[in-house]
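Engineer:
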Amino acid sequence: MTAIVHDFRSDTVTRPCSGMRKAMAVAEVGDDVYGQDRTVAALEGRVAEIMGKAAGLFLPSGTQSNLIALMIHCGRGDEFIAGQNAHCYKYEAGGAAVLGSIQPQPVENLPDGTMDLGKIAAAIKPEDPHFARTRLLALENTIGGRILPEDFVREATGLARQHGLATHLDGARIFNAAVGSGRRAGELAAPFDTVSVCLSKGLGAPVGSVLVGSTDAIATGRRLRKMLGGGMRQAGILAAAGLYALENNVARLAEDHARARRLAEGFAQYPGLSLEMPQTNINFMRVEERLGDRFAEHMAASGIGVSGRYGELRWVTHKDVGDDALAAALEAAGAFFKGQGERVFAAQ
Ligand SMILES: *Cc1c(COP(=O)(O)O)cnc(C)c1O
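Under numbering that gives the first Met the number 0, residues 0 to 347 are what the sequence shown spells out, in order.
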């Protein structure tokens, strides 16, 4: 297998830069389970402040952050509503059911990442001993790289509140949504009781997520974090990377979005590839069936890393794929369509 030179598989592959490593090396630390790591406390406070919430909790992963949020809002036998494609439903190994005894109620996602409000309303169960108690609506922004429309968020969270449900936002990429829509992250977070934010995606930190919400919610979350094995000791070394990321790597997400668009425009000239113009840093590419896996194989052989695990090719731009990577990917596509690709289409 050819080594990956330009890695478009995910923004999780970003590595800490030297400035971030320096900040980590000099971080003041203490035992955070005793509440004595000032760098962790500073990070929790900073994310809470940006999101307009009272308190924050530093966690080792986004998956644990979402799980803790679900467990804050739902008890044993309760139910949460989430999109069929939501990370907290589909990509977290069934953790809510296994570890929280919480039943998921998925609702179909429309192509723009929203859900039909009537379907959400219909999924909320009335008080009746036959049903699980519906407690929470969980949304995700961005979802599949798409920014949730403001109206949808307002109406869906309004509907949830009308029915007495809590609201959680999986904001793993909320800063991509903010930069992509020109709105402040705090505005996007405002309609939700809890919000989970990833530092280890496009923000470029090696590890970590922060869950924010009310003082009570976060106090409950702190107990749950210990229970789930997420209490960390001198975690200030990691939190320092998060603080550095918030300071240095948010505004630059606009560059990733611009490169994702250039990538989509570049690929658009080739027959057999179809892409939508991306809103943020994620491109999903459908490859015509008659090309089979040849396009993906050609990319791999050219040292271009692209993710193809879920039926489409996914190209993600991030701080470690610059203009050289973009040029290499488009050049590899050009070479493919001059060679093999042309033969495939000529044979029709
Ligand atoms: C990556 C991601 C998570 C989970 O983050 P991990 O740190 O990989 O556990 C949650 N939600 C969304 C939308 C994500 O993209």
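Yeah, the Cβ is synthetic: ideal placement off N, Cα and C, and Gly gets one too. Note that this is a predicted model, so its numbers are computed, not measured.
Return helix, strand or coil for S17, following the three-state DSSP convention.
Structural biologist: Here residue 17 is taken as the residue at index 18 of the sequence shown, counted from 1. S17 falls in the helix class under three-state DSSP.
Engineer: Let me confirm a value: V25 is counted as buried when at least 16 other C-beta atoms fall within 10 Å, else exposed. Which label applies?
Structural biologist: As a working note, residue 25 is residue 26 in the sequence shown. It counts as exposed.
Engineer: Within a Cβ cutoff of 8 Å, which residues of the same chain sit near A96, ignoring the five residues on either side of it in sequence?
Structural biologist: In the sequence shown, counting from the first residue as 1, residue 96 sits at position 97. The answer, listed in chain order, is Q102, P103.
Engineer: Run the proximity test for H317: is its beta-carbon closer than 6 Å to any non-hydrogen atom belonging to ligand 1?
Structural biologist: In the sequence shown, residue 317 corresponds to position 318, counting from 1. No - ligand 1 has no heavy atom lying nearer than 6 Å to the Cβ of H317.
Engineer: Going straight from the alpha carbon of A295 to that of D31, what length do you get?
Structural biologist: Numbered from its first residue, the sequence shown carries residue 295 at position 296. Numbered from its first residue, the sequence shown carries residue 31 at position 32. So the alpha carbons of these two residues sit roughly 45 Å apart.
Engineer: Report, in whole angstroms, the separation of the C-beta atoms of L56 and R221, which I expect to be a contact under 8 Å.
Structural biologist: Along the sequence shown, one-based indexing puts residue 56 at 57. Along the sequence shown, one-based indexing puts residue 221 at 222. About 6 Å; that satisfies the 8 Å criterion.
Engineer: From what residue to what residue does the beta strand (DSSP E) around L312 run?
Structural biologist: Walking along the sequence shown from the start, residue 312 turns up at place 313. Unbroken beta strand (DSSP E) run through L312: 312–315.
Engineer: Check whether the Cβ of G94 lies closer than 6 Å to any heavy atom of ligand 1, and answer yes or no.
Structural biologist: Locating residue 94 in the sequence shown gives position 95, where the first residue counts as 1. It does not: the Cβ of G94 is nowhere closer than 6 Å to a heavy atom of ligand 1.
Engineer: Note the first and the last residue of the continuous beta strand (DSSP E) segment covering E275.
Structural biologist: Counting from 1 along the sequence shown, the entry for residue 275 is found at position 276. Neither: E275 is in no beta strand (DSSP E) and is coded neither H nor E.
Engineer: With H, G and I counted as helix, E and B as strand and the rest as coil, what does DSSP make of Q63?
Structural biologist: Translated into the one-based positions of the sequence shown, residue 63 becomes position 64. In the structure shown, Q63 adopts helical secondary structure according to DSSP, grouped into three states.
Engineer: As a quick exercise: from K89, G307, A53, G29, pick the residue whose alpha carbon is nearest that of L66.
Structural biologist: Within the sequence shown, residue 66 is the residue found at index 67, counting from 1. The candidate whose alpha carbon is nearest that of L66 is K89.
Engineer: Are R134 and S100 touching if we call contact CB-CB under 7 Å?
Structural biologist: For the purposes of this step, residue 134 is taken as residue 135 along the sequence shown, with counting starting at 1. For the purposes of this step, residue 100 is taken as residue 101 along the sequence shown, with counting starting at 1. Not a contact, by the Cβ cut-off of 7 Å.
Engineer: Cβ of G61 within 6 Å of any heavy atom in ligand 1?
Structural biologist: As a first step, residue 61 must be located in the sequence shown, where it is residue number 62. It does: the Cβ of G61 is within 6 Å (strictly closer) of some heavy atom of ligand 1.
Engineer: Rounded to whole angstroms, what is the Cα-Cα separation between T357 and L116?
Structural biologist: Because residue 357 is not part of the residues shown, which for the chain are 0 to 347, the question remains open.
Engineer: Tell me which residue opens and which closes the alpha helix (DSSP H) that S180 is part of.
Structural biologist: Residue numbering aside, residue 180 sits at position 181 when the sequence shown is read from its first letter. That run of the alpha helix (DSSP H) goes 173–180.
Engineer: So, A53 versus S213, is the Cβ gap smaller than 7 Å?
Structural biologist: Your numbering for residue 53 matches position 54 in the sequence shown. Your numbering for residue 213 matches position 214 in the sequence shown. Against a cut-off of 7 Å, the Cβ pair of S213 and A53 comes out as a contact.
Engineer: Below 8 Å on the Cβ atoms is my guess for E27 versus G235; work out the distance and round it to an integer in Å.
Structural biologist: Locating residue 27 in the sequence shown gives position 28, counting from the first residue. Locating residue 235 in the sequence shown gives position 236, counting from the first residue. That belief holds up - the Cβ atoms of E27 and G235 are roughly 6 Å apart, short of 8 Å.
Engineer: Looking at the unbroken alpha helix (DSSP H) that takes in L202, where does it start and where does it end?
Structural biologist: What you label residue 202 is simply residue 203 of the sequence shown in a count that begins at 1. No alpha helix (DSSP H) contains L202, which DSSP labels as neither H nor E.
Engineer: For Q104, which beta-bridge partners are listed by DSSP?
Structural biologist: Taking the sequence shown and counting its residues from 1, the one referred to as residue 104 is at position 105. I80, per the DSSP bridge assignment.
Engineer: Counting only the same chain and skipping the five closest in sequence on each side, list residues whose C-beta sits under 7 Å from that of T1.
Structural biologist: As a working mapping, residue 1 is identified with position 2 in the sequence shown. Correct list, in chain order: A299, A300, G302.
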